[in-house]
Amino acid sequence: MKILVPVKQVSVLDEDFELRDDGRDVDPDYLEHELNEWDDYSWEEALRLHEEYGDDVEIIPLTIGPQETEEGIRKCLAKGGERGIRVWDDAMEGSDPMAISRVIARVAEREQVDMVFAGTLASDHGFAQTGVSVASHLGWPQVAVVSKLDCQPGSSSVQVQRELEGGLEEVLTVQCPAVLTIQLGINEPRYASLRGIKQARAKPVEELSHSDLGLSDEDVGEAGSASRVRRMYVPEKGQAELIEGTLAEQGARVAEIIKELQGEA
Amino acid sequence: MTEILVIAEQRRGELVAASLECIAAAVELKESGGQSVAVCIIAQTPESFVTSLSVAGVDEIVTIRSEQAEFQSDVFESTLLALIEQRQPALVLAPHSIDAWSYAPVLANKGGFGYSSDVFGIRYEGDELIATRAAYAEKVHVDVDFPGRDTVLLTVRGNTFKPIEASASPQQSSFEVSSVTPRSSHESYIEPESGGEVDITQAEYMLSIGRGIAEEDNVEQFAELAETMDFTLGCSRPIADNGWLPKFRQVGQSGKTVSSCSVYLALGISGSVQHMAGMKHVPNIIAVNTDPEASIFSIARYGVVADIFDIADELQNHFE
Chain A
403 MKILVPVKQV SVLDEDFELR DDGRDVDPDY LEHELNEWDD YSWEEALRLH EEYGDDVEII
463 PLTIGPQETE EGIRKCLAKG GERGIRVWDD AMEGSDPMAI SRVIARVAER EQVDMVFAGT
523 LASDHGFAQT GVSVASHLGW PQVAVVSKLD CQPGSSSVQV QRELEGGLEE VLTVQCPAVL
583 TIQLGINEPR YASLRGIKQA RAKPVEELSH SDLGLSDEDV GEAGSASRVR RMYVPEKGQA
643 ELIEGTLAEQ GARVAEIIKE LQGEA
Chain B
41 MTEILVIAEQ RRGELVAASL ECIAAAVELK ESGGQSVAVC IIAQTPESFV TSLSVAGVDE
101 IVTIRSEQAE FQSDVFESTL LALIEQRQPA LVLAPHSIDA WSYAPVLANK GGFGYSSDVF
161 GIRYEGDELI ATRAAYAEKV HVDVDFPGRD TVLLTVRGNT FKPIEASASP QQSSFEVSSV
221 TPRSSHESYI EPESGGEVDI TQAEYMLSIG RGIAEEDNVE QFAELAETMD FTLGCSRPIA
281 DNGWLPKFRQ VGQSGKTVSS CSVYLALGIS GSVQHMAGMK HVPNIIAVNT DPEASIFSIA
341 RYGVVADIFD IADELQNHFE
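Sequences listed follow chains A and B, in order. When you line the first sequence up against this note's numbering, it's residues 403 to 667, in that order. When you line the second sequence up against this note's numbering, it's residues 41 to 360, in that order.
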C-alpha cells in the first residue's frame with residue numbers, strides 16, 4: 403500500500419505586518435512559516451502504518467510550494483519515510499485549494515497511491531477544502547474530519563470514525579482507495595530525533611512543475627481557481643477593555659468585575 | 041429572476057440550526073437584489089421539515105426523499121449537482137458544517153462553480169458577488185470574487201446571520217434523489233461522553249483553560265481555582281486531546297457550546313475559530329493571555345495581558 407500525505411507550510415503573521423502593494427495579501431516579509439498542525443497528525447497516522455506493516459506500506463510526503471516549503475517535507479522525513487515530492491512553478495502562484503487539489507490528485511495518479519491522508523484544514527486560511535477536493539479529482543470516495551482509523555494494507559475498505567459537531571462521532575466504512583482528512587487528536591505526533599533530522603537532509607525530494615504532471619496553465623494559479631482574492635484588509639475589530647496595573651491591581655480588578663457581574667445576575 | 045438556493049441540513053431527524061442562518065443570509069440578499077429564495081432538504085421524511093423551513097422570505101421548499109437516514113456524501117453530491125444544474129441558481133448557500141466539509145468541495149469541483157468556504161459576509165457590487173472570509177488566525181479579512189462563474193457555492197460560518205422568526209407559506213416541490221451507489225456506509229453513532237453532574241452547556245459561570253497552562257500538572261491549580269470561585273471548569277481542544285481534562289469539558293465546535301454562560305473566564309486560550317464558535321456569544325468574556333495579539337481579545341469584554349499563573353494566584357486569594 404502506498405499512502406500520499408499532502409502537507410502545507412502554513413503562514414503565520416508577525417505581530418506587526420503590512421499588506422503587499424497590490425493589497426491582496428500580506429507582504430511576505432511579515433510571514434513566518436511552519437508545518438500545518440493538522441499535517442503533523444496525518445503524517446503520524448501514515449508513519450504508524452508504515453511501522454506496523456514495514457515495507458508493505460510506503461509513505462510519501464508531498465508539498466505544493468516554492469523552494470523554502472521543502473522545510474516542511476524535511477520535517478516529515480526526519481520522522482520517517484524515504485523520499486518526498488515538491489511541486490511548484492511560477493504559474494501556480496495564486497492557486498486556491500481547488501487548483502492545489504488538482505495538482506495533488508495528479509501526483510497521486512503518477513505515484514499510483516492507494517490512499518491519501520490529508521489534514522482536515524490548514525491553520526492559515528482554514529478552507530477545509532483541499533483534501534476532499536483531491537478525492538473528487540481522483541473520483542475516489544472521501545471522509546472528512548477522521549478521528550480514528552483502522553486501516554489494513556490490501557483491504558478493500560477501511561473503517562473510520564468522523565468527528566461531528568458537539569462531540570458526536572460517526573463510525574463508517576468507506577471503500578478504498580479513498581481520501582481521508584485527518585483531525586487533530588487522532589494520535590500523538592512524535593518529535594523527530596536529532597539523528598532523524600540529519601538523515602532527512604540526505605533523503606531525495608523530487609521537484610516537479612505543473613507541466614511535468616500534464617497540467618496546463620489554465621489548471622493552476624488564478625485560472626484554475628474557484629475564487630480570487632480581491633482585497634485583504636485589517637478589520638475593524640472589537641477590542642477588550644484592557645485591565646492594566648500591577649498584578650495585584652489586575653487581580654483585584656478582575657475579582658471585582660466578576661463579583662459585580664454575579665451580583666447583576 | 042435569478043435564484044438563491046439554500047441547502048438545509050438535518051441530522052438524526054433534527055434540523056441543523058445553521059440551515060436557518062443560511063436562509064436568513066439568502067433573504068437578506070433577496071431584499072437588496074430581488075432574487076427568489078429556494079430551500080432544499082434531503083431526508084428520509086423531508087416533509088417533516090417544511091414547517092420549520094417556512095420562513096418569511098422563502099419562496100419555495102424543495103423536498104428530496106432519500107432512503108438513507110444518515111448523511112452520505114455520494115448521495116448528497118450527485119443529487120445536489122443535479123438539482124443545481126436543473127435550477128441554475130446564481131448562488132448556493134450551505135452551512136459550514138462537517139457534512140458540508142465533505143460534499144461542498146466535491147460539488148464545487150464537479151459543477152465547476154465558484155466556491156469559497158467559512159464566509160461571514162456576502163454582498164453584490166453591481167452584478168458582482170463578493171464574499172468575505174478571514175485568514176491568518178482571524179487577523180485579516182479577505183474579500184473574494186468569482187470571475188466568470190454563473191453559479192457560486194458558499195458555506196456560511198455559524199452564528200453570523202440571525203435566523204428569521206416570522207413564518208410564511210412558500211410553495212412546495214419535490215426533487216428526485218440521484219440513484220448512486222454509496223461508497224461509504226454508516227455503521228453507528230458514538231454519543232459524546234457524558235459528564236454526569238457536569239454539563240457545561242448549563243453552566244452560568246465558566247473558567248476555561250487552554251494551551252497556556254503548558255503542563256498537565258498545572259491543571260490542578262486551575263481546577264482548585266474554579267472550585268473556589270464556584271465556576272465550572274472548561275477547556276479548549278488541546279487540553280482535551282491531551283487527555284488532561286475529559287472531552288465533556290471541551291468548549292467549541294467539536295466540543296460544546298456554553299449556551300447558558302454569562303461570565304466566561306478564558307485563561308491561556310488564544311481563541312481559535314473553532315473554540316470561539318462555542319463561546320463568542322457569552323456577554324462577559326474575561327480573557328487573560330500573555331500575547332497581546334491573541335484573537336480572544338477581539339471578542340472579550342475585558343482583557344488582561346498577564347501570566348495566567350500569577351492572575352490565578354491573585355484570584356485564589358480574592359475568592360477564598
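For each residue, glycine too, the CB sits at the ideal point set by N, CA and C. None of these values were measured; they are calculated from a predicted model.
With which residues is H435(A) paired in a DSSP beta bridge?
H435(A) pairs with S413(A).
For L154(B), which residues in chain A fall below 8 Å Cβ to Cβ?
Contrary to the premise, residue 154(B) reads as Gly rather than Leu in this sequence. Under the 8 Å cutoff, chain A gives A628 and S629.
Name the residue from S218(B), M316(B) and S299(B) whose alpha carbon lies nearest to the alpha carbon of L121(B).
When only C-alpha atoms are compared, the closest one is S218(B).
Determine which residues of the stretch 288 to 312 of chain B have a Cβ less than 9 Å from any Cβ of chain A, and write them out in chain order.
Flagged, chain order: F288, Q290, Q293, S294, G295, K296, T297, S302, V303, L305 and S312.
Check distances from the C-beta atoms of the stretch 408 to 423 of chain A to those of chain B and list, in chain order, the residues that come in under 7 Å.
So the close ones are S413, L415 and E417.
Going by alpha carbons, who is nearest to A448(A) out of V607(A), P555(A), E662(A) and A650(A)?
Closest option to A448(A), Cα to Cα, is P555(A).
Against chain A, does N149(B) count as a neighbour if the rule is that its beta carbon must be under 7 Å from one of theirs?
At a cut-off of 7 Å between beta carbons, N149(B) contacts chain A.
Under the three-state DSSP convention, the category L449(A) falls into:
For L449(A), the secondary structure class from DSSP, reduced to helix, strand or coil, is helix.
Pull up the distance between the alpha-carbon of E205(B) and that of W440(A), whole angstroms please.
Roughly 39 Å separates the two Cα atoms.
Determine whether the Cβ of P232(B) lies closer than 7 Å to any Cβ atom of chain A.
Interface residue, yes.
Given that Y164(B) touches chain A, what residues does it touch there, using C-beta distances under 7 Å?
Within chain A, no residue comes near Y164(B); the closest Cβ sits about 13 Å away, beyond 7 Å.
Within-7 Å CB hit, P129(B) to chain A
No, its Cβ sits nowhere closer than 7 Å to a Cβ of chain A.
Given 8 Å as the limit, is there contact between the stretch 609 to 616 of chain A and the stretch 484 to 495 of chain A, that is, 3 or more CB pairs closer than that?
Yes, the stretch 609 to 616 of chain A touches the stretch 484 to 495 of chain A.
K410(A) beta carbon less than 7 Å from that of A524(A):
Judged by beta-carbon spacing, K410(A) lies within the 7 Å limit of A524(A), meaning their Cβ atoms are closer than that value.
Does the Cβ of G425(A) have 16 or more other Cβ atoms within 10 Å, making it buried, or fewer, making it exposed?
So G425(A) counts as exposed.
Proximal chain B residues relative to A642(A), where beta-carbon distance stays under 7 Å:
Chain B residues near A642(A): A327, F337, A340, R341, Y342 and G343.
Terminal residues of the alpha helix (DSSP H) in which F116(B) lies
For F116(B), the enclosing alpha helix (DSSP H) starts and ends at S113 to R127.
Three or more C-beta pairs closer than 8 Å, one from the stretch 106 to 120 of chain B and one from the stretch 207 to 226 of chain B: is that the case here?
Because the criterion of three Cβ pairs below 8 Å is met, the stretch 106 to 120 of chain B and the stretch 207 to 226 of chain B touch.
Which ranges would you report for the beta strand (DSSP E) in the stretch 229 to 306 of chain B if only whole runs of at least 3 residues count?
The stretch 229 to 306 of chain B contains these whole beta strand (DSSP E) runs: 245 to 249 and 272 to 275.
Own chain partners of M403(A) with C-beta closer than 6 Å, once the 5 adjacent residues on each side are dropped
In the same chain as M403(A), and ignoring 5 residues on each side of it, the C-beta atoms closer than 6 Å to its own belong to V459, D516 and P555, in chain order.
With contact counted as at least three CB pairs below 8 Å, one residue from each stretch, are the stretch 48 to 63 of chain B and the stretch 72 to 88 of chain B in contact?
They touch, by the three-pair rule.
Through-space distance from G486(A) to L596(A), alpha-carbon basis
Distance from the CA atom of L596(A) to the CA atom of G486(A), rounded to whole angstroms, is 19 Å.
Closest to I138(B) by CA distance: which of T583(A), H435(A) and E472(A) is it?
It is T583(A).
Does the distance from the CB of G343(B) to the CB of G318(B) come in under 7 Å?
No; because the gap between Cβ atoms is not below 7 Å, this pair is not in contact.
Of the listed residues D431(A), L406(A) and I588(A), nearest to S503(A) (C-alpha basis):
The shortest Cα separation from S503(A) among D431(A), L406(A) and I588(A) belongs to L406(A).
Straight-line Cα distance separating F288(B) from S300(B)
Cα-Cα distance, rounded: 16 Å.
In the DSSP assignment, what residue or residues form a beta bridge with C553(A)?
Beta-bridge pairing links C553(A) to no other residue.
If you reduce the DSSP assignment to three classes, tell me which class A570(A) lands in.
The question names Ala, but residue 570(A) is Leu in the sequence shown. The DSSP-derived three-state label of L570(A) is coil.
Please classify E49(B): is it buried, with 16 or more other beta-carbons within 10 angstroms of its beta-carbon, or exposed?
Under this definition E49(B) is a buried residue.
Might you give, ordered along the chain, the residues of its own chain that have their beta carbon closer than 6 Å to the beta carbon of V573(A), omitting 5 neighbours on each side?
Taken in chain order, the residues that qualify are Q563.
Where the alpha helix (DSSP H) containing A140(B) begins and where it ends:
For A140(B), the enclosing alpha helix (DSSP H) stretches over residues I138 to G151.
For the alpha helix (DSSP H) holding I487(A), just list the boundary residues, first then last.
Unbroken run through I487(A) is the beta strand (DSSP E), G486 to V489; no alpha helix (DSSP H).
Taking buried to mean at least 16 other C-beta atoms within 10 Å of its own C-beta, is T91(B) buried or exposed?
Label assigned to T91(B): exposed.
Given this structure, state the Cα-to-Cα distance separating E125(B) from L305(B), to the nearest angstrom.
Rounded to whole angstroms, the separation of the alpha carbons of L305(B) and E125(B) is 49 Å.
Residues near A130(B) by beta carbon distance below 8 Å, same chain, minus five either side
Here A130(B) has T42, E43, I44, Q75, L169, D190, T191 and V192 as same chain residues with Cβ atoms under 8 Å from its own Cβ, once five neighbours each way along the sequence are excluded.
Proximal residues, the stretch 181 to 192 of chain B versus chain A, C-beta separation under 8 Å:
For the stretch 181 to 192 of chain B, residues whose beta-carbon sits nearer than 8 Å to a beta-carbon of chain A comprise H181, V182, D183, V184, D185, F186, P187 and R189.
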